[in-house]
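Asker: Could you have a look at this structure, given as structure tokens, before my questions?
In our numbering, the protein residues as written are 153 to 396.
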């Protein structure tokens, strides 16, 4: 039986992905802060599942929790680092920015590094990180969030190169969602927003193909292409004009 851990499985894309993996015959490790939701999900899955409380804001404790879960499950094939926060930072309140960095940067590295060491020792596996299309460019209303997602993509690229240099059969996939209708974007104007289930299906298809990166849903590839092409003055004008 293949085994996967989904970090951030209590809601949204992570919860939907955990269901899909279980339907494919995976034993699934479920982590997050809201243990009651994880246990509820565990009871609904068709196969074996494991629940572990984890808060990425406390990176050292989260790292230890992941280490324990890897040992408990044994021979894990895939680790998906999906947890993250999007706090209101338009006013650049330091507390909100620091909390974003704690989870999206320090917490992410704690999980990815632990997975890296595990798969390096195992000699094979698949590390999946969830960044965002927001990581492609900066944005006046959420500079720290966009920067944190750019960090995720860049860090994953570096780990991919390390695995290649070491000759390990470990795949690294960077998932870059556009808008997905989850609590993370509550209160925002949603254009082209996908359901978590649709996003998770496309995400899993890319994972199974061992893609280096994928935009979900697929239509966001066009947006990403345009974002990369736009010269800075025009991109700035669009962000300011549309109040993005």
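Just so you know, even glycine gets a beta-carbon here, dropped at the ideal spot from N, CA and C. A quick note: this is a predicted structure, and the numbers were derived from the prediction, not measured.
When you compare each of 232, 251, 233 to residue 241 by their alpha carbons, which one comes out closest?
Answerer: That would be 251, whose Cα lies nearest to the Cα of residue 241.
Asker: Determine contact between the segment 346 to 362 and the segment 287 to 306, defined as no fewer than three beta-carbon pairs at a distance below 8 Å.
Answerer: Result no; under three Cβ-Cβ pairs closer than 8 Å.
Asker: Whose CA, out of 257, 319, 331, lies closest to the CA of residue 308?
Answerer: The residue with the shortest Cα to Cα distance from residue 308 is 257.
Asker: Return the CA-CA distance between residue 169 and residue 159, expressed in angstroms with no decimal places.
Answerer: Roughly 11 Å separates the two Cα atoms.
Asker: Measuring alpha carbon to alpha carbon, tell me which of 192, 223, 377 ends up nearest residue 163.
Answerer: Comparing Cα-Cα distances from residue 163 to each of 192, 223, 377, the minimum goes to 192.
Asker: What span of residues does the alpha helix (DSSP H) with residue 384 cover, start to end?
Answerer: Counting along the chain, the alpha helix (DSSP H) containing residue 384 begins and ends at 384 to 393.
Asker: Just to confirm the assignment: which complete beta strand (DSSP E) runs, minimum length 3, are found wholly within the segment 165 to 213?
Answerer: 179 to 184, 201 to 205, all fully within the segment 165 to 213.
Asker: Taking DSSP as the reference, what is the three-state secondary structure of residue 263?
Answerer: Of the three classes helix, strand and coil, the one that applies to residue 263 here is helix, per DSSP.
Asker: Contact between the segment 351 to 365 and the segment 170 to 179: three or more CB pairs below 8 Å?
Answerer: At 8 Å Cβ cutoff, the stretches touch.
Asker: Enumerate in chain order the residues of its own chain whose CB-to-CB distance from residue 278 is below 6 Å, with the five nearest sequence positions on each side excluded.
Answerer: Only 230, 323 meet the Cβ criterion.
Asker: Looking at the structure shown, is residue 287 part of a helix, part of a strand, or coil, going by DSSP?
Answerer: Three-state DSSP puts residue 287 in a helix.
Asker: Alpha carbon to alpha carbon, what distance is there between residue 367 and residue 244?
Answerer: Rounded to whole angstroms, residue 244 to residue 367 spans 28 Å at the Cα level.
Asker: Where does residue 361 fall in DSSP's three states?
Answerer: Reduced to three states, the DSSP call for residue 361 is coil.
Asker: Report the residue from 153, 297, 293 whose alpha carbon sits nearest the alpha carbon of residue 392.
Answerer: For residue 392, the nearest C-alpha among the options comes from 293.
Asker: For residue 190 and residue 374, what's the separation of their Cα atoms in angstroms?
Answerer: Taking the straight line from one Cα to the other gives about 35 Å.
Asker: Roughly how many angstroms separate the alpha carbons of residue 296 and residue 316, rounded to a whole number?
Answerer: Between residue 296 and residue 316, the C-alpha separation is close to 30 Å.
Asker: Should residue 389 go down as buried or exposed, given a rule of 16 or more other Cβ atoms within 10 Å for buried?
Answerer: Exposed: under 16 other Cβ atoms inside 10 Å.
Asker: Is residue 310 helix, strand or coil by DSSP?
Answerer: Helix.
Asker: From the DSSP output, which residues share a beta bridge with residue 230?
Answerer: Per DSSP, 156, 278.
Asker: Cα separation between residue 280 and residue 386?
Answerer: If I take the Cα positions, the gap works out to 33 Å.
Asker: Can you give the Cα-Cα distance for residue 213 and residue 267, rounded to whole angstroms?
Answerer: Taking the straight line from one Cα to the other gives about 15 Å.
Asker: Would residue 178 pass as a contact of residue 222 if the rule is Cβ separation under 9 Å?
Answerer: Not closer than 9 Å, so no.
Asker: The beta strand (DSSP E) with residue 250 in it runs from where to where?
Answerer: Note, residue 250: premise wrong, no beta strand (DSSP E); alpha helix (DSSP H) at 246 to 253.
Asker: Of the residues 247, 217, 356, 255, which one's Cα is nearest the Cα of residue 235?
Answerer: Ranking 247, 217, 356, 255 by Cα distance to residue 235 puts 255 first.
Asker: Return helix, strand or coil for residue 408, following the three-state DSSP convention.
Answerer: This structure cannot speak to residue 408, because the chain is shown only from 153 to 396.
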